[in-house]
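Student: Residue numbering for the sequence shown follows my numbering, beginning at 5 and increasing consecutively.
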Amino acid sequence: MKILDTHCHLNDDQLYPIVEEVIQRAKENAVVGVYNAGDSLPSFDRILDLHTRYPSFCKVVLGIHPEFAKESEDYFQKAYQKIEENKDVLSAIGEIGLDYHYDKSEETKSIQKKRFVEQIRLAKKLNLPIVIHARDADFDTLEIIKEELPPKIDLHCFSGSLEIARQYLKLPIQVYFGVGGVSTFKNAKTIKEVIASVPLSHFLSETDCPYLAPTPHRGERNEPCYLPLILNQIALLANRPLEEVADEIYQNGEEFYGRNQ
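1) Going by the DSSP bridge assignment, what does K63 pair with across the sheet?
2) Once you ignore the five residues that flank P232 on each side, which residues in its own chain have a CB closer than 6 Å to its CB?
3) Using the Cα positions of H137 and N40, report the straight-line distance between them to the nearest angstrom.
4) For R170 and D142, what's the separation of their Cα atoms in angstroms?
5) Between which residues of its own chain and E152 is the CB-CB distance below 6 Å, once the five residues before and five after are set aside?
6) Can you give me the C-alpha to C-alpha distance between L241 and P203, rounded to a whole angstrom?
7) What residue does the beta strand (DSSP E) around K108 start on, and which one ends it?
8) Look up V202 in the DSSP assignment and say whether it is helix, strand or coil.
9) Can you say whether Y172 is buried or exposed, counting buried as having 16 or more other CB atoms within 10 angstroms of its CB?
10) When DSSP builds the beta bridges, which residues end up paired with C12?
11) Taking the beta carbon of N15 as the centre, do at least 16 other beta carbons fall within 10 Å, making it buried, or is it exposed?
12) In this structure, does DSSP put R321 in helix, strand or coil?
13) Going along the chain, which residues of its own chain have a beta-carbon closer than 6 Å to the beta-carbon of I168, five neighbours each way excluded?
14) Using the Cβ count rule (16 or more neighbours within 10 Å means buried), how would you classify L130?
15) Who are the Cβ neighbours of V249 in its own chain at under 7 Å, not counting the five residues just before and after it?
16) Mind checking whether N226 and T211 have CB atoms under 8 Å apart?
17) Which residues does DSSP pair with K118 in a beta bridge?
18) With a cut-off of 8 Å on the beta carbons, I'd call G185 and L166 a contact; round off their distance for me.
19) In the DSSP assignment, find the unbroken beta strand (DSSP E) run with Y261 in it and report its ends.
20) Would you call P59 buried or exposed, if buried means 16 or more other Cβ atoms sit within 10 Å of its Cβ?
21) Applying the criterion that 16 or more other CB atoms from any shown protein chain within 10 Å of the CB defines a buried residue, is Q49 buried or exposed?
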């Protein structure tokens, strides 16, 4: 069995100081690579450092999370410049998107949409897939994707309904849904319905570590080594053998990230 963590944050303060042992535990649990996703301009340096230190294991995904959408124009120009300067090691642009959970004002929605579209267009320019963060913003996210049509998208930590998932699958692009620890929670009915109903060819395995650890580690610090628990849950919901599911989802990760494996 080979497993990819298609979305994590080993650059986080909880993991970065102990990254050597975190990587070792991951490898002991069949994880062969991780994709560290950027969220802010300061996060880029650690993500690039991890790639320099562990080039075959730690991959690079850079983007500005919607919570930082109100940062200055200079901030975003520096971020975009850094992305372009490092395009040769980039696997995707992310995590980018919309988040209306804490602030539903029209001003916030407008600036988040502007920054989301900018980063989608940068990804298209660089011929890279995008990793999307969408929280309490399913409709607006879908509308922007319909309008911009980036060739490949990963809806990281997908929390939308089955109907939203089906709307994405109608688009003329490659669509993947990131599945993590939430799928193991007792009350996570929506993602369980999506996993049971959508073809396995559209799923990616992720942890979003150090957040959202799967059951029975819920509430603890999450790590890539817990990915077998997530794959086992997908196999149960899809009613397929674990080894078969793990292999197909690994291949999905290879396909999504393409040339920058």
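Ideal Cβ positions, reconstructed from N, Cα and C, are used throughout, including at glycine.
It should be emphasised that the depicted structure is a prediction, and the values quoted were computed from it without experimental measurement.
Tutor: In this structure, then:
1) Y39
2) N33
3) 14 Å
4) 13 Å
5) I124
6) 12 Å
7) No beta strand (DSSP E) contains K108, which DSSP labels as neither H nor E.
8) coil
9) buried
10) N40
11) buried
12) This structure cannot settle anything about residue 321, because the visible part of the chain is limited to 5 through 265.
13) D142
14) exposed
15) L204, L235, I238, A239 and A242
16) yes
17) In DSSP, K118 forms no bridge with anything.
18) Between L166 and G185 the Cβ distance is about 20 Å, and since that is not below 8 Å, they are no contact.
19) Careful: Y261 lies outside any beta strand (DSSP E), inside the alpha helix (DSSP H) at L246 to Y261.
20) exposed
21) In the sequence as displayed, the identity of residue 49 is Asp instead of Gln. So D49 ends up on the exposed side.
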